[in-house]
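Have a look at the structure below, then the notes.
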Amino acid sequence: MNHPPQPFSTEQESYLKGFFQGIAQRPVIHALATNTALDDAPPETGAESLYGTPIDELCREERIKLETNGLDVWDQMVKNGDLNQFPKDGDVFRYKFYGMFYVAPAQDSLMLRCRIPGGQLFNHQLRGLADIAEKHGNGFLDITTRANFQIREIAPASAIPTLTQLTDIGLTSKGSGADNVRNVTASPTAGFDVQEILDVMPFAREMHHRILNNRDLYGLPRKFNIAYDGGGQISACADTNDIGFYAVRVGEGHSVDPGVYFRVQLCGITGHRQFAKDCGILIRPEQHADLACAMLRTFLQHGNRTNRNRARLKYLIDDWGVERFLEETEHHLDFSLMRFPQANCEARGATLQQGHLGIHAQKHPDYSYVGVRVPVGRLSHEQLRTIANLSQHYARGEIRLTVWQNFLIPHVHKSQIAELKLALSNAGFAFEANPFAAGLVACTGNTGCKYAAANTKSHAVKLADELAKRVQLDHAINIHLTGCTHSCAQHYIGDIGMIATPCTLDGESVEGYSIAFGGGVEERQGIAIEMFKSIPFQHIPDLLEACLTTFLDHREAGETFNAFIRRHSHEALNQLFLPHASTS
Ligand code: SF4
């Protein structure tokens with residue numbers, strides 16, 4: 014979740030003015046900000062600057078970080094907990110360094126965001142998370158679009174017990190908020206995918222630990238996303254990340270030894286309508302963490318620290334160009350980057366849209382994985398314990414969360430499949446792909462996020478249920494609902510993407526959405542185009558039913574909704590679909 018900058022109060026301004034007057038006397042500002050060794054320090058540009066930005070030009074969050082590093086807020090959290098009081102002023106931001114978000118006014122409580130590299134969890138961790146949600150939260154856990162868990166409605170007194178209990182089960186939440194690298198994602202079928210060319214889970218885990226154990230990397234100009242794609246059948250949407258590592262195979266006859274390498278894509282930020290693009294280099298897999306840290310430190314030193322809206326990697330590379338960014342990155346490396354044409358790498362195998370739901374073969378012929386649907390990612394603590402028990406009883410006690418807000422149970426022996434299917438059904442879980450529900454993604458919405466203009470999760474479930482009853486489709490459609498322009502649910506990459514907007518109906522203010530068609534990732538990569546503005550939610554099931562029926566009436570044989578949208582001009586789509594807006 015991104016939070017827009019908040020202005021200082023007069024009192025805060027006065028305090029900070031005095032603070033910065035004092036601090037300006039000190040010789041080395043960057044060391045205070047990051048607590049890094051001086052050997053790691055940026056070129057000194059004067060005591061009044063931080064990484065070259067004059068102190069008095071820093072944005073609010075940078076000043077808060079400079080005053081006290083968020084990693085040093087623990088003792089204050091203990092004190093606040095003793096008094097059962099929420100963080101104040103800059104500590105609201107600092108709590109996020111520990112993955113604790115004070116989410117008022119949507120809820121007067123804290124929210125925990127974990128870190129789960131590659132979305133990989135084991136049954137004892139599932140039980141531990143269920144215990145935390147039951148004891149300290151509201152009893153529910155939400156799977157996020159970074160294959161992660163969030164737990165809500167945590168009281169200030171429970172912040173420290175929650176964090177220590179999380180550590181007890183081998184998990185952490187450090188750096189899951191504020192200006193850090195967020196949960197590292199990976200192909201959810203890594204290690205057992207029948208098509209993958211590299212098991213990327215160990216790489217995601219290695220990166221996770223590099224981030225956790227380098228204090229300077231907690232002080233980036235803004236959040237940062239990294240993902241690993243092993244070339245398998247299930248997408249990790251790595252092309253929506255700031256850095257996407259893609260495993261590729263290079264054959265005989267080129268300037269490098271044949272084998273498996275990583276290509277590197279940069280600057281995916283779909284909320285700003287941009288996918289990551291290949292930056293022209295090829296690295297050996299074991300070089301990935303050094304390269305990622307070098308890129309992070311280049312961003313750390315040169316990213317924008319005055320304007321939060323431009324403090325993402327995209328804007329640094331927009332200003333510099335990719336080649337200068339790579340040259341600056343090489344200053345942090347003890348190896349040179351190899352420029353190598355993408356055309357000399359073998360093409361990636363195709364991904365299966367929503368292919369993770371249901372029963373699927375693994376590399377080993379005796380084992381399968383089962384993809385289970387979780388409507389808009391919400392699980393109760395009782396459901397999580399059931400999943401822990403089933404995964405332990407019928408498989409190896411492991412699950413994988415997906416960026417599609419669902420989960421997989423891997424390593425189910427063929428002799429156990431029928432029993433597991435029955436047990437899942439008896440426990441109320443669906444695992445068959447439903448054209449509308451399987452690819453349903455929703456952000457938190459206004460029941461838990463102050464920025465949301467609509468109840469996205471509830472609307473998503475209602476909409477998918479209605480469409481499943483009314484429209485017979487022979488292929489899956491991803492529907493993404495997001496509550497504000499931060500686009501946590503990445504509405505621009507949905508086949509149908511919806512963003513909440515203010516609406517009126519019969520003179521009354523109601524919740525509604527603007528609607529876009531035709532987004533996708535990987536080989537279906539594309540930004541959805543807006544078709545309808547500000548439609549009250551209660552009209553949307555009728556409107557989408559009419560649009561999908563029109564599509565079915567006009568499509569070519571076997572054509573998907575996405576392909577249909579891409580085949581037509583915007584003008585032609587307007588002629589086909591806009592009349593439905595007035596009749597819905
Ligand atoms: Fe993210 Fe949704 Fe909140 Fe906006 S409303 S910040 S998209 S969770």
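Going by my numbering, the sequence shown opens with residue 14, and the numbers climb by one from there. All C-beta atoms, glycine included, are put in the ideal place defined by N, C-alpha and C. Model, not experiment: these values are computed from the prediction.
CB contact flag (residue i, residue j, <8 Å)
| i | j | result |
| --- | --- | --- |
| Lys327 | Gln287 | yes |
| Ser598 | Asp252 | The structure shown has nothing for residue 598, since the chain only spans 14 to 597. |
| Ala466 | Thr399 | no |
| Arg128 | Asn238 | no |
| Leu480 | Leu589 | no |
| His424 | Arg413 | no |
| Cys306 | Val416 | no |
| Phe6 | Leu279 | Residue coverage of the chain in this structure runs from 14 to 597, which leaves residue 6 outside it and unanswerable. |
| Gly539 | Phe444 | no |
| Phe449 | Ile490 | yes |
| Ala240 | Asn254 | yes |
| Gln163 | Arg276 | no |
| Ser522 | Ile512 | no |
| Arg318 | Leu63 | yes |
| Ala289 | Val273 | no |
| Glu74 | Ile68 | no |
| His315 | Glu341 | yes |
| Ala451 | Ala473 | no |
| Gly362 | Gln120 | no |
| Arg483 | Cys358 | no |
| Arg126 | Phe110 | no |
Residue i CB to nearest heavy atom of the ligand SF4 below 7 Å
| i | result |
| --- | --- |
| Cys516 | no |
| Thr630 | Coverage of the chain is limited to positions 14 through 597, which leaves residue 630 absent and any answer about it impossible. |
| Ser500 | yes |
| Gly458 | yes |
| Ala191 | no |
| Thr495 | yes |
| Cys462 | yes |
| Ala240 | no |
| Ala465 | yes |
Beta bridge counterpart(s) of residue i as assigned by DSSP
| i | result |
| --- | --- |
| Lys101 | None; Lys101 has no bridge partner. |
| Leu392 | Leu154 |
| Ile239 | Ile256 |
| Ile294 | Arg352 |
| Gln278 | Gly257 and Asp291 |
| Gly384 | Gly371 and Leu421 |
| Phe135 | Glu411 |
| Tyr115 | Leu123 |
| Gly232 | None; Gly232 has no bridge partner. |
| Gly272 | Val263 |
| Thr495 | Ile512 |
| Ser62 | Pro67 |
| Arg140 | Answer is none; Arg140 lacks a bridge partner. |
| Leu323 | According to the sequence displayed, residue 323 carries Arg and not Leu. Looking at the DSSP assignment, Arg323 forms no beta bridge with any residue, so it has no partner. |
Rounded distance between the beta-carbons of residue j and residue i, thought under 8 Å
| i | j | result |
| --- | --- | --- |
| Ala529 | Glu543 | 5 Å |
| Val194 | Ile224 | 5 Å |
| Pro100 | Tyr108 | 5 Å |
| Phe420 | Val387 | 6 Å |
| Arg140 | Ala401 | 5 Å |
| Asp508 | Gly525 | The pair is not a contact, with the Cβ atoms about 20 Å apart (cut-off 8 Å). |
| Glu209 | Gly245 | 4 Å |
| Arg310 | His345 | 5 Å |
| Asn161 | Ser404 | About 18 Å separates the two Cβ atoms, so there is no contact after all. |
| Thr180 | Gly132 | So it is not a contact: roughly 19 Å between Cβ atoms. |
| Cys516 | Ser547 | 5 Å |
| Ser171 | Gly112 | Going by Cβ atoms, the distance from Ser171 to Gly112 rounds to 14 Å, so no, they are not a contact pair. |
| His504 | Gly152 | Not confirmed; about 28 Å, so no contact. |
| Leu313 | Asp229 | 7 Å |
Could you name each continuous alpha helix (DSSP H) segment of 4 residues or more that falls completely within the region 153 to 228, going from the start of the chain to the end? 172 to 181 and 214 to 225
Ignoring anything shorter than 4 residues, give me the alpha helix (DSSP H) runs that lie fully in the region 64 to 94, in order along the chain. Assignment of alpha helix (DSSP H) within the region 64 to 94, counting only whole runs of 4 or more residues, yields 73 to 80 in chain order.
Segments of 3+ residues assigned as beta strand (DSSP E) that fall wholly inside the region 509 to 583: Within the region 509 to 583, the complete beta strand (DSSP E) runs of at least 3 residues are 509 to 518, 521 to 530 and 542 to 549.
Output the residue ranges of the alpha helix (DSSP H) runs that lie fully inside the region 424 to 482 and measure 4 residues or longer, sorted by chain position. 430 to 439
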